[in-house]
Amino acid sequence: MTPVRVASAAAAGALLVALAVHGLGGSSAAPATMGTAPVVDDPRLVLVSGRDDHGMVALDQVPLYDAPEGGHRVATVHDGTLAEVLAVDGQWLQVRAVEGGSQIGWIDDFHLRGEVRLVGAAPGCATTVAGRPRQGGTLVVVRELRQDKVWVETVTPPVTKGWAPRADVQELPPQGEHCGDIPPEDRHAH
């Protein structure tokens, strides 16, 4: 398994995502040869982020490029779009948007989040996973999107897997006094 950054180390609360790189038949492959990128074998979806190091939206539309290192812009995706990772080349990942169209392109890992928060409506900001209540700000990994629901795994105990509302998927924990206290293990910001 090769660790690959999915959030910039420069970004506050950078996230690391372990993505298994494999060859044909599912066996581990040697590093990619020049001009090719390894294929990713990790079922998680990532969140495209246009936020800066302070959590403020800097890019409402995040560019996708035809090659790593920012070749020619081929598309843009909206901040907060879920995408699947297709390939990895250093800090550049090839993604396909799974909502808002199926744009494909390369993006710097600074603009991707492998773990996100579930934040329900105020007051309280509580949400549900598999029909069970969870506190607003619960840290999760998104595995699948189906219409208005996402299949998630909670990162903090108690670990729960199940469907949650897509509308509750956010990059940042609940903000302000309207959501109550955030558990200590969930207080690190992105």
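Count the sequence shown with mature numbering (1 follows the signal peptide of the UniProt record, and there is no 0) and you get residues -29 to -1, 1 to 161, in order. Built from N, CA and C at the ideal position, the CB exists for glycine as well.
What is the rounded straight-line gap between the Cα of Val140 and the Cα of Gly42?
30 Å
Could you name the residues of the same chain whose beta carbon sits closer than 6 Å to that of Arg105, not counting the 5 residues immediately before and after it, in chain order?
Thr98
On a Cα-Cα basis, can you pick out the residue from Glu86, Val28, Leu110 and Arg15 that is closest to Val66?
Arg15
For Gly95 and Lys132, the rounded distance between their alpha carbons:
22 Å
Consult DSSP for His49 and reduce its assignment to one of helix, strand or coil.
strand
Just to confirm, are Leu116 and Glu86 a CB contact at a threshold of 8 Å?
no
Check the C-beta distance from Leu35 over to Asp50 and give it rounded, since I have them as a contact under 8 Å.
With 8 Å as the limit, Leu35 and Asp50 do not qualify as a contact, their Cβ atoms being about 13 Å apart.
Val113: buried (16+ other C-beta within 10 angstroms of its C-beta) or exposed?
buried
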